[in-house]
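S.K.:
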Amino acid sequence: MSIIRKLLLTGAGIAIAGGAALWFLSAPQTLDGAALAALGPGDAGRGEQVFWASGCASCHAAPGATGDDRLSLAGGVRLETPFGTFVAPNISQHPRDGIGGWSAQNLANAMMRGVSPDGSHYYPAFPYTSYVRMEPSDIADLHAFMTTLPQVEGAAAGHELAFPFNMRRGLGLWKRLYLDGAPAVALDNPSDQIARGQYLVEGPGHCGECHTPRNAIGGTDTAQWLAGAAAAEGTGNVPNITTGEGGIGDWSEADIVALLESGFTPDFDSVGGAMASVVRNMAELPQSDREAVAAYLKAIPGHPNGY
Amino acid sequence: MKLFALATVAFSIMVAGASADPIADRKENMKERGALMRILAPVAQGQQPFDAATVLDALEKLSANAEAATDIDALWPAGTESGDTKSSPRIWEDRAGYQAASDKFAADTAAAVEAAPQDIDAYRAVFGPVAANCGTCHEGYRL
Numbered sequence: 000m001s002i003i004r005k006l007l008l009t010g011a012g013i014a015i016a017g018g019a020a021l022w023f024l025s026a027p028q029t030l031d032g033a034a035l036a037a038l039g040p041g042d043a044g045r046g047e048q049v050f051w052a053s054g055c056a057s058c059h060a061a062p063g064a065t066g067d068d069r070l071s072l073a074g075g076v077r078l079e080t081p082f083g084t085f086v087a088p089n090i091s092q093h094p095r096d097g098i099g100g101w102s103a104q105n106l107a108n109a110m111m112r113g114v115s116p117d118g119s120h121y122y123p124a125f126p127y128t129s130y131v132r133m134e135p136s137d138i139a140d141l142h143a144f145m146t147t148l149p150q151v152e153g154a155a156a157g158h159e160l161a162f163p164f165n166m167r168r169g170l171g172l173w174k175r176l177y178l179d180g181a182p183a184v185a186l187d188n189p190s191d192q193i194a195r196g197q198y199l200v201e202g203p204g205h206c207g208e209c210h211t212p213r214n215a216i217g218g219t220d221t222a223q224w225l226a227g228a229a230a231a232e233g234t235g236n237v238p239n240i241t242t243g244e245g246g247i248g249d250w251s252e253a254d255i256v257a258l259l260e261s262g263f264t265p266d267f268d269s270v271g272g273a274m275a276s277v278v279r280n281m282a283e284l285p286q287s288d289r290e291a292v293a294a295y296l297k298a299i300p301g302h303p304n305g306y
Numbered sequence: 000m001k002l003f004a005l006a007t008v009a010f011s012i013m014v015a016g017a018s019a020d021p022i023a024d025r026k027e028n029m030k031e032r033g034a035l036m037r038i039l040a041p042v043a044q045g046q047q048p049f050d051a052a053t054v055l056d057a058l059e060k061l062s063a064n065a066e067a068a069t070d071i072d073a074l075w076p077a078g079t080e081s082g083d084t085k086s087s088p089r090i091w092e093d094r095a096g097y098q099a100a101s102d103k104f105a106a107d108t109a110a111a112v113e114a115a116p117q118d119i120d121a122y123r124a125v126f127g128p129v130a131a132n133c134g135t136c137h138e139g140y141r142l
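Taken in order, these protein sequences are the chains called W and G. So that you can map any letter, position 130 of the first sequence is 129 in numbering that gives the first Met the number 0, and since no number is skipped, the others follow by simple counting. So that you can map any letter, position 80 of the second sequence is 79 in numbering that gives the first Met the number 0, and since no number is skipped, the others follow by simple counting.
1) Run through DSSP, which three-state label would residue 39 of chain G get?
2) Just the Cα atoms here: how many angstroms apart are residue 231 of chain W and residue 137 of chain G?
3) Report the three-state DSSP secondary structure of residue 86 of chain G (helix, strand or coil).
4) Please name the residues in the region 266-288 of chain W whose beta-carbon is closer than 9 Å to at least one beta-carbon of chain G, in chain order.
5) Would you mind working out which of G:90, G:68 and G:69 sits nearest residue 78 of chain G, comparing C-alpha positions?
6) Tell me the residue span of the beta strand (DSSP E) that contains residue 77 of chain W.
7) Taking the C-alpha atoms as reference points, what is the distance between residue 123 of chain W and residue 100 of chain G?
8) Can you tell me which of W:224, W:306, W:33 and W:193 puts its alpha carbon nearest to the alpha carbon of residue 289 of chain W?
9) With burial defined as no fewer than 16 other Cβ atoms inside 10 Å of the residue's Cβ, what is the status of residue 286 of chain W: buried or exposed?
10) Considering only C-alpha positions, which residue in the set W:91, W:209, W:104 and W:299 is nearest to residue 182 of chain W?
11) Pairing CB atoms from the region 63-79 of chain W with CB atoms from the region 140-151 of chain W, are three or more of them under 8 Å?
12) How is residue 303 of chain W classed by DSSP in three states: helix, strand or coil?
13) In chain order, what are the residue ranges of uninterrupted alpha helix (DSSP H) at least 4 long that sit wholly in the region 120-145 of chain W?
14) Could you tell me whether the region 127-140 of chain W touches the region 194-214 of chain W, using the rule of 3 or more Cβ pairs below 8 Å?
15) Anyone know if the C-beta pair for residue 108 of chain G and residue 62 of chain G falls short of 8 Å?
16) Against residue 142 of chain G, what residues of chain W qualify as contacts under a CB-to-CB distance less than 9 Å, listed in chain order?
17) Tell me whether residue 95 of chain W is buried or exposed, calling it buried when 16 or more other Cβ atoms sit within 10 Å of its Cβ.
18) In chain W, which residues lie less than 7 Å from residue 33 of chain G when you measure between Cβ atoms?
19) Kindly list the residues whose CB is nearer than 7 Å to the CB of residue 265 of chain W, restricted to its own chain and excluding five residues on each side of it in sequence; keep chain order.
20) With respect to the beta strand (DSSP E) encompassing residue 83 of chain W, which residues constitute its N-terminal and C-terminal limits?
21) Check whether the region 263-280 of chain W touches the region 156-168 of chain W, counting contact only when three or more Cβ pairs, one atom from each stretch, lie closer than 8 Å.
22) Look at residue 127 of chain W and residue 113 of chain W and say whether their C-beta atoms are less than 8 Å apart.
23) Are there 16 or more other CB atoms within 10 angstroms of the CB of residue 92 of chain W, so buried, or fewer, so exposed?
24) Quick one: using the 10 Å Cβ neighbour count with 16 as the cut-off for buried, is residue 24 of chain W buried or exposed?
25) Using the three-state DSSP reduction, which class does residue 229 of chain W fall into: helix, strand or coil?
26) Where does residue 3 of chain W fall in DSSP's three states?
27) Please list the partners that residue 40 of chain G has in chain W, where partner means a Cβ-to-Cβ separation under 7 Å.
28) Out of curiosity, what's the CA-to-CA distance linking residue 273 of chain W and residue 62 of chain W?
29) With 16 other CB atoms within 10 Å as the buried threshold, where does residue 40 of chain W fall?
30) Tell me whether residue 108 of chain G sits in a helix, a strand or coil according to DSSP, three-state version.
31) Take the Cβ of residue 65 of chain W as the centre, count every other Cβ of all protein chains shown within 10 Å, and call the residue buried at 16 or more, exposed below.
32) Using a cut-off of 8 Å between C-beta atoms, extract the partners of residue 63 of chain W located in chain G.
Structural data, given as structure tokens:
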């Protein structure tokens with residue numbers, strides 16, 4: 000056997016062993032029993048607040064929907080990214096086209112582990128990398144609320160992704176790197192208000208998904224948390240919302256609260272793009288929650304523009 | 000050759016005459032809206048006292064401003080899609096939709112002037128729909 004052949008064979012052997020390890024490492028992980036037990040029974044009234052705080056309607060209701068149309072979760076919003084176009088699915092209560100038959104456990108595994116009921120990986124265009132920080136009981140409440148929403152017929156179109164991004168299995172490795180649920184910033188002894196703000200921003204509010212820069216394979220860079228980023232979809236930049244250079248250091252907490260409630264910035268420009276829908280969600284929350292978000296944004300480290 | 004150069008100059012003056020710089024003009028139009036909202040919004044939010052005359056004056060100016068921007072061919076002509084602008088390409092792709100959004104803003108502002116609100120509740124009732132136009136249009140047609 001020539002040395003070349005030997006080398007090739009060992010190489011192939013390593014590749015096969017490596018492949019098996021990769022296959023194993025990329026296996027979908029679901030929630031453990033303790034997390035599932037923490038789901039609890041679920042309260043639809045509280046779930047409505049969770050629904051608005053977590054912005055499901057921004058992607059799963061019709062684009063630009065207002066009023067009650069935001070509760071019609073037929074999907075269809077197209078998210079154009081460098082990896083291809085993702086189309087948000089129907090998550091209405093329709094038993095065939097939506098998620099009518101789902102249990103709270105199914106929803107928790109989807110939102111906190113990015114795993115579907117049949118055990119495949121979801122793409123992180125569904126922002127479970129933020130939702131993983133949510134309290135399981137909030138997800139149970141959200142599930143209870145969602146069961147009160149209408150059934151809408153019609154499946155949304157499929158994603159338009161090129162190889163290798165159309166291979167869901169590979170996402171397992173990506174998730175090992177970026178799905179950890181650790182806080183994005185470490186805060187020393189935060190007040191109750193700041194801790195609430197941290198929960199809302201880093202968890203359900205998923206503000207970091209748009210406002211934090213990403214690396215080449217799409218992981219958010221927590222060292223530049225909320226420092227602003229090139230927009231994942233379309234063109235332009237998402238602004239820096241830290242107190243650093245280029246950010247919102249000169250905004251008062253009241254200015255931030257006013258923006259989240261009305262969409263107006265301190266110079267009475269009105270935010271548009273993807274933020275318009277975020278404002279419609281945040282406007283549904285109690286004033287104390289908007290104040291908590293503002294207090295948190297003022298408490299975290301400032302960074303210069305991340306784009 | 001000389002004639003051609005002259006013709007070019009004349010042509011650019013003609014174009015310039017039509018509108019010096021539509022991108023600058025439309026930004027100026029928008030900035031004026033911001034300035035008027037600075038007067039109108041704090042009253043609606045209860046941070047400034049309601050005064051019927053002040054409010055009506057600002058609403059009239061906003062109405063004139065909105066009316067001016069319904070001429071979308073003057074402010075968003077073909078060829079001004081790129082440059083120092085945050086206008087979305089959708090303005091040119093969906094001309095009818097953008098015209099309708101501009102007309103709706105003008106109609107809502109005109110209705111507010113027409114209503115000439117005399118107390119804070121009447122004012123809030125007409126101001127809400129006016130202000131909603133800003134975010135809705137920026138959501139769809141601004142980058």
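Beta carbons: idealized from backbone N, C-alpha and C, even for Gly.
M.R.: In this structure, then:
1) helix
2) 18 Å
3) Looking at residue 86 of chain G - three-state DSSP - the assignment turns out to be strand.
4) 266, 267, 268, 269, 270, 271, 272, 273, 274, 275, 276, 278 and 279
5) Closest by C-alpha distance to residue 78 of chain G, out of G:90, G:68 and G:69, is G:90.
6) 77-80
7) 34 Å
8) W:193
9) exposed
10) W:299
11) yes
12) coil
13) 127-130 and 135-145
14) yes
15) yes
16) 230, 233, 234, 235, 271 and 272
17) exposed
18) 266, 267 and 268
19) 250 and 254
20) It spans 83-86 - the beta strand (DSSP E) in which residue 83 of chain W sits, taken as one unbroken run.
21) no
22) yes
23) Looking at its Cβ environment, which holds 16 or more other Cβ atoms inside 10 Å, residue 92 of chain W is buried.
24) Exposed is the call here.
25) Looking at residue 229 of chain W - three-state DSSP - the assignment turns out to be strand.
26) The predicted model places residue 3 of chain W with a pLDDT of 45, which falls under 50 and marks its position as unreliable; any figure quoted below should be read in that light. It is helical.
27) 263 and 267
28) 10 Å
29) With fewer than 16 other Cβ atoms from the protein chains shown falling within 10 Å of its own Cβ, residue 40 of chain W counts as exposed.
30) helix
31) exposed
32) 135, 138 and 139
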